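Here's the structure, in C-alpha cells; my notes come after.
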Amino acid sequence: MLESEPSERIDSRALKSWFVSGLLLGIATFSIPLAYIVLIGPAWDLPRYWGWIGIALVTVFTLWSAIIAPQLRIRFWRYEIRENEVDIQNGIFIIRRTLIPMVRIQHVDTEHGPVMRFFGLATLRISTAATDHYIPALSREKAAELMGEIAALARVSDEDV
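The numbering of the sequence shown is the UniProt record's numbering, which starts it at 1 and goes up by one.
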C-alpha cells in the first residue's frame, strides 16, 4: 500500500514559465489560420469562415495551455526523495503515481530550455533501464541538489546489491 502522497512541490515560477511557453506556442499556431484567411483562402477562392473557426480554436487552445493547464499542473505535481525510492505524482485528470527504486536508477541529469533558463528553472530527469522519469520546473539550485542526492543514494543502493 502506498504511503501518503509526496510532500514536495515544484517551484512556483513554473506558472510564469508555462504561461510564456503556452503563449509562444499559441502565437506560433495562430499563424496557420491567419495565413489561411490572408493568403490561401483568397488565392483559391475558399470560404474564409474556416480560418475564423481555426482562430477560435487556437484561441481556446492558447487559453488552456497558457492559463488553465499551468494552474492545474502546478497543483497536482508532487515528488519526494526517500532513501530507497523516488516518489513522483502527477496528472490533471488521471493522477499517476510512480515509485522509482534507487537500485534501478542508472543516471540523473538536468535540462532547461530558453524559457525555463530565463526563469531560473530546470527539469530533473531520472533514467532507468526501462524509461525516463522527470520532475519539471525546479529551481536550478534545487535540481542540482536533488541530482547529487539521488546519485549518491543510487550509488549506495548499487553497493548494497
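No residue lacks a Cβ here, since even glycine has one placed at the ideal position from N, Cα and C.
Predicted model only: the values in this text are computed from it and were never measured.
Apart from sequence neighbours up to five positions away, the residues of its chain that approach W50 with a beta-carbon distance below 7 angstroms are Y36, ordered along the chain. For Y134, the uninterrupted beta strand (DSSP E) run begins and ends at 132-139, by DSSP. Within a 10 Å sphere around the beta-carbon of G22 sit 16 or more other beta-carbons, which makes this residue buried.
If one requires a minimum length of 3 residues, the beta strand (DSSP E) runs lying completely within the UniProt domain "YdbS-like PH" (75-147) are 78-81, 85-90, 96-101, 105-111, 121-128, 132-139, in chain order.
DSSP places E8 in the strand class (E or B) of the three-state scheme. In this structure, the beta-carbon distance from E5 to R97 falls below 9 angstroms.
DSSP places L46 outside both helix and strand once states are collapsed to three, so it counts as coil.
When secondary structure is reduced to three states using DSSP, R13 falls in the coil class, being assigned neither helix nor strand. Inter-segment contact for the segment 24-34 and the segment 56-63 is present: three or more beta-carbon pairs are separated by less than 8 angstroms. For the set R73, L124, L24, the Cα lying nearest the Cα of D109 is the one of L124. For Q89, the closest C-alpha among the options E83, M102, R73 is that of R73. Its Cα nearest to that of G113, the residue A122 stands out among Q106, A43, H107, A122.
Taking each of I67, A43, A69, V38 in turn and checking the Cα distance to I55, the smallest one comes out for V38.
In terms of Cα proximity to R155, the closest of P136, S127, Q106 is Q106.
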